[in-house]
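Below you can see the structure in the form of C-alpha cells.
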C-alpha cells in the first residue's frame, strides 16, 4: 500500500532465502508473484514460482518439453481411471498444509505461465489436477477443473469429459462459500465451456 515495491521485493527475496519451512515459503512466494505481476515482470514471476517448486521437489523448466507435459497428463488419466468424473465433487478435502501451499503457488503461477509458455501452462493444470486427485479437493481445485475443462473442450473425443470437469468446477465453487475463486470459475466455465454443450443463455447466466 505504500508503493515501496523495490524494498518489498528485496525483503521478500531475503525471507525466501532464509526460510526452511515450505508452508512459510509458499506464503512468501505468493506475495512475490503478486508483486512481480503488479509491475508486469512475468518472466521473473515464472522464475520465482519455479524456484519454489524446486524446493518442494518439483524440478521444471520454464519451457518444458511436450514429453514432460504428456507424462503429466497420462498420470492424470491413470488416476481418474474408470471413476465417473462427476464423483470428483465428492472427493475428500485436502488437508496437507504443504500441498495446500503448493496448490496456491501454482494458481499464482498460472497467470505468468499462461502468457509465457503453452507447455508450462498445461503442465501447471495437469499437476494441480494430479494433486487434487491424490490429496483431495481444495478451494483451488475448483479453478483447476475449470481450466482443465477449457483446455480439453475443443479436443476431439473428450468433449463430454471436458463438460463433466466444468460441472465439477461449478459444483466445487457454488456450495462451499468459495468466495476466493467462485467468480473466476464462473467466468472460465461460462465463457469457455458451457456454450459447447448448452444454449447460450445458460452460459450467459
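In my numbering, the protein residues as written are 1440 to 1644. Idealized CB from N, CA, C, for every residue including glycine. A quick note: this is a predicted structure, and the numbers were derived from the prediction, not measured.
Taking residue 1587 as the centre and dropping the five residues before and after it, the same chain places the C-beta of 1564, 1568, 1604 closer than 7 Å to its C-beta, in chain order. The stretch 1577-1587 makes contact with the stretch 1598-1612: 3 or more CB pairs, one atom from each, lie closer than 8 Å.
The count of Cβ pairs closer than 8 Å, one atom from the stretch 1454-1472 and one from the stretch 1547-1560, reaches three, so the stretches are in contact.
Annotated three-state conformation of residue 1556 is coil, per DSSP. Considered as a whole, the stretch 1548-1608 harbours 1557-1574, 1578-1591 as its complete alpha helix (DSSP H) runs of no fewer than 4 residues, in chain order. By the neighbour-count definition (other C-beta atoms within 10 Å, threshold 16), residue 1591 is a buried residue. For the set 1572, 1625, 1622, 1507, the Cα lying nearest the Cα of residue 1532 is the one of 1572. Residue 1570 sits away from residue 1598, with the two beta carbons spaced by 8 Å or more. Looking at the DSSP output, residue 1532 sits in a beta bridge with 1576.
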